[in-house]
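Residue numbers (full-length UniProt numbering): 1 to 165. Heads up, the thing below is written out as structure tokens.
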């Protein structure tokens, strides 16, 4: 009976209802992850764009950036986050936006790990420009960024499969 069902309900391209459900689920997962990552980066850029001076102070607190580059980073990084988030949500240059988001997440993971290893307390500056210091907070930031990077890598592989056909 299963072969009869399959032969009766195949579409022109040979795709049956089960694979259509899988494609629909994949599209929903893709859309949810794009909204999640893109929205997160758009939201996190807002406070930094509005108050670049406070974000520069936070960057200074990481104690890893050369002093002359801090003001430039405080101005440029939030706009890169904003543009990449918009790109990922709208689908315009989504691969490029996602590549930059993944690179930023890898950089954030490195910075958080480096400061955790050396025991340096710092304010993240991720979503607000307030105090978020502490070891457990830093570990949570690291886990959160690793999960987001995993989602970004999954999306990138998904985009790659779509481009190949």
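We put the CB at the ideal spot given by N, CA and C, even for glycine. Predicted model only: the values in this text are computed from it and were never measured.
Assign residue 94 to buried or exposed, taking buried as 16 or more other Cβ atoms, counted over all protein chains shown, within 10 Å of its Cβ. buried
Other residues of its chain near residue 99: CB distance less than 8 Å, five sequence neighbours each side excluded: 156
Cβ neighbours of residue 122 in the same chain (closer than 7 Å, five flanking residues each side left out): 61, 62, 115, 133
Suppose the cutoff is 7 Å on Cβ atoms and the five residues either side in sequence are ignored; what does the same chain contact list for residue 88 look like? 34, 37, 38, 94, 97, 98, 101
Suppose the cutoff is 6 Å on Cβ atoms and the five residues either side in sequence are ignored; what does the same chain contact list for residue 52 look like? 74, 75
What does the Cβ neighbour count give for residue 1, buried or exposed, with the cut at 16 atoms within 10 Å? Low per-residue confidence applies at residue 1: pLDDT is 48, beneath 50, and the placement is therefore not dependable, though the value from the model is reported in the following sentence. Its Cβ having fewer than 16 others within 10 Å, residue 1 is exposed.
For residue 142, the nearest candidate out of 107, 42, 160 (CA to CA): 107
Of the residues 54, 47, 119, 160, the one placed nearest residue 82, counting alpha carbons only: 47
Same chain, Cβ closer than 7 Å to residue 144, five either side skipped, listed in chain order: none
Would you mind reading off the limits of the alpha helix (DSSP H) that contains residue 81? 67-90
Three-state secondary structure (DSSP) of residue 51: coil
Return the CA-CA distance between residue 109 and residue 79, expressed in angstroms with no decimal places. 20 Å
DSSP three-state call for residue 63: helix, strand or coil? coil
Give every residue of the same chain whose Cβ lies closer than 8 Å to the Cβ of residue 139, excluding the five residues on either side of it in the sequence, and list them in chain order. 116
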